[in-house]
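Protein chains in written order, with the working numbering: chain U, 241 to 487; chain H, 858 to 1095.
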């Protein structure tokens, strides 16, 4: 069966060059299928996730469409990719976080949760009976005990890395370029500066201004702070502050 | 899994192509190397990451195994990172299980055999592909001798005096062959390891884009060097 080189495009086996095509295709699906871009930034004591909010049909209830999910009260996730796969990842992450707290008696650190989500994703790249989930997940939270704010990106291959700032989705490369220029400043950002940096990043790569109803913003501020989605009014305030500072 | 048949099967010419392809995945991975000196072992890897946005201090490729079980082994890889994590986890559990039963640290040669055995299973079991990593495992064996082993995706393992895996491994091995000496001391081995790593390094090698792990006969514990310690060695080398 592995003689037939076309199978390496269908299931998770190695191609002659040692590539895993299914994993690469899952990446493509995760980044391009939804057409959305998400950004996460880590400040001195807080983390932010920002993404576009596109309601495909005017008859749809906008409140039911979200790429931003709370995994625990103080860890949040921004998912980029196939909506249904994202739901599966979030459900599992919630279970894993809850199970950890039950077994060990304390809330799961962001790094541990990222590792767990990543290990599960790895299984799908090695086991032929399940396809990889086409989702890139940005996990944010503020751990205690000197660890501070954390942003982790977990991809469909099971890679996970801690970031000062990162992006995922259609305009991932442009957004990352924007953030790289500001990486040294980021480490000292206040909560507001973190939010504004993330919003400006998204704005610059999308090349357009947006209203508060067109983006989703969520913040974790302070050690084990609550993962909170900003309301439209809060977002508008930040947008105004950005517009003022640019004048 | 739902697949009850092996995905790794013999080709008409008698080859197991999935394993060969896995080795190609390893050869595309970041370089790792190791040297077994007379009083310890050093392993090191290229940790260059794609972006300055990554918090590199919290990324680790060199991992200690068996610390809690009184042992001092360590490992590093070249190839597919997520697959490596599965093997580290497996090695750690295996070391602990052994300790629980025998109240002695699992010797490196035994750890290597269990890990290799697991990797072999994934070349034969139904519905799974081989691990896309080669491992370098280092530690003091049951008699206290420093040992370095390589484990391949096929499950084959080899003991080495010094070796390299991943990108550019042939040049690195040639470099090591010239400089290896039978009675080499650990300090010299670390220097040689860094020189070898620098040979094939793209761009500037710093204490933050490499990782070095060392186990010495004096205390038998495997330690990953901090960036400051690595910097000291790098300064000495210039």
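For glycine and all other residues, C-beta sits at the position ideal for the given N, C-alpha and C.
Exercise for review: Please determine, among U:430, U:304, U:482, U:441, the residue with the shortest C-alpha to C-alpha distance to residue 286 of chain U.
Suggested key: Nearest option by C-alpha distance: U:430.
Point to revise | Supposed close pair residue 288 of chain U, residue 438 of chain U - CB separation, criterion 8 Å | key: The pair is a contact, with the Cβ atoms about 5 Å apart (cut-off 8 Å).
Practice item. Tell me whether the beta-carbon of residue 341 of chain U lies closer than 9 Å to the beta-carbon of residue 312 of chain U. Key: In this structure, residue 312 of chain U lies closer than 9 Å to residue 341 of chain U by Cβ.
Check your understanding: At a Cβ threshold of 9 Å, is residue 471 of chain U touching chain H?
Key -> Residue 471 of chain U does not count as touching chain H.
Exercise for review: Assuming residue 1053 of chain H and residue 1033 of chain H form a contact by the criterion Cβ under 8 Å, report the distance between their Cβ atoms to the nearest whole angstrom.
Suggested key: The distance from the Cβ of residue 1053 of chain H to that of residue 1033 of chain H is about 6 Å, consistent with a contact at the 8 Å cut-off.
Check your understanding: Can you tell which of U:269, U:479, U:252, U:484 has its C-alpha closest to the C-alpha of residue 262 of chain U?
Key -> Among U:269, U:479, U:252, U:484, the Cα nearest to that of residue 262 of chain U belongs to U:252.
**Study point:** Contact set between residue 871 of chain H and chain U, taken where Cβ atoms lie within less than 7 Å
**Key:** Here the premise fails: no neighbours, minimum Cβ distance about 12 Å.
Exercise for review: Under 8 Å by Cβ, that's how I've got residue 1007 of chain H and residue 993 of chain H pegged, so tell me the actual separation to the nearest angstrom.
Suggested key: With 8 Å as the limit, residue 1007 of chain H and residue 993 of chain H qualify as a contact, their Cβ atoms being about 6 Å apart.
**Study point:** Sequence-distant residues of its chain with Cβ nearer than 7 Å to residue 511 of chain U (five each side left out)
**Key:** Nothing about residue 511 of chain U can be read from this structure; chain U reaches only from 241 to 487.
Check your understanding: Between residue 1010 of chain H and residue 1019 of chain H, what straight-line distance do the alpha-carbon atoms span, to the nearest angstrom?
Key -> Answer to the nearest angstrom: the Cα atoms are 19 Å apart.
Check your understanding: Which whole runs of the beta strand (DSSP E) in the segment 952-1028 of chain H are 3 residues long or more, in chain order?
Key -> List check, beta strand (DSSP E) in window: 990-997, 1003-1008, 1014-1017, 1019-1022.
Review point. Can you tell me the Cα-Cα spacing of residue 354 of chain U and residue 400 of chain U, whole angstroms?
Key: A straight line joining the alpha-carbon of residue 354 of chain U with that of residue 400 of chain U spans about 7 Å.
Exercise for review: Flag this pair as yes or no: are the beta carbons of residue 1067 of chain H and residue 904 of chain H separated by less than 9 Å?
Suggested key: In this structure, residue 904 of chain H lies closer than 9 Å to residue 1067 of chain H by Cβ.
Check your understanding: Nearest to residue 1026 of chain H by alpha carbon, out of H:935, H:960, H:965, H:914?
Key -> Comparing Cα positions, the closest option is H:935.
Check your understanding: In angstroms, rounded to a whole number, what distance separates the CA positions of residue 1024 of chain H and residue 892 of chain H?
Key -> Each residue's alpha carbon lies about 17 Å from the other.
Point to revise | Close Cβ partners of residue 242 of chain U (< 7 Å) along its chain, the five nearest in sequence each way excluded | key: Confidence in residue 242 of chain U is poor, its pLDDT being 45 and thus under 50, which makes the residue's placement unreliable; the coordinate value appears in the next sentence. Result list for residue 242 of chain U: 253, in chain order.
**Study point:** Coil, strand or helix - residue 241 of chain U by DSSP
**Key:** Here residue 241 of chain U scores only 44 on pLDDT, less than 50, and its place in the model should not be relied on; the value that follows carries that caveat. Reduced to three states, the DSSP call for residue 241 of chain U is coil.
Check your understanding: Where does residue 1083 of chain H sit, in a helix, a strand or coil, going by DSSP?
Key -> Looking at residue 1083 of chain H - three-state DSSP - the assignment turns out to be coil, as it is neither helix nor strand.
**Study point:** Residue-level contact to chain U via CB, residue 1036 of chain H, 9 Å cutoff
**Key:** Under the Cβ criterion of 9 Å, residue 1036 of chain H is not counted among the residues facing chain U.
**Study point:** Cβ separation of residue 374 of chain U and residue 393 of chain U, assumed to be a contact under 8 Å, to the nearest whole Å
**Key:** Not really, about 15 Å apart at Cβ, beyond 8 Å.
Review point. At what residues does the beta strand (DSSP E) containing residue 441 of chain U begin and finish?
Key: Premise fails: residue 441 of chain U lies in the alpha helix (DSSP H), 431-446, not in any beta strand (DSSP E).
Review point. What residues in the segment 360-386 of chain U bring their beta carbon closer than 9 Å to a beta carbon of chain H?
Key: Here the close residues are 361, 362, 363, 365, 366, 367, 368, 369, 370.
Check your understanding: For a contact meaning CB atoms closer than 9 Å, what does residue 507 of chain U contact in chain H?
Key -> This structure cannot speak to residue 507 of chain U, because chain U is shown only from 241 to 487.
Point to revise | Close Cβ partners of residue 404 of chain U (< 6 Å) along its chain, the five nearest in sequence each way excluded | key: Contacts found: 282, 423, 426.
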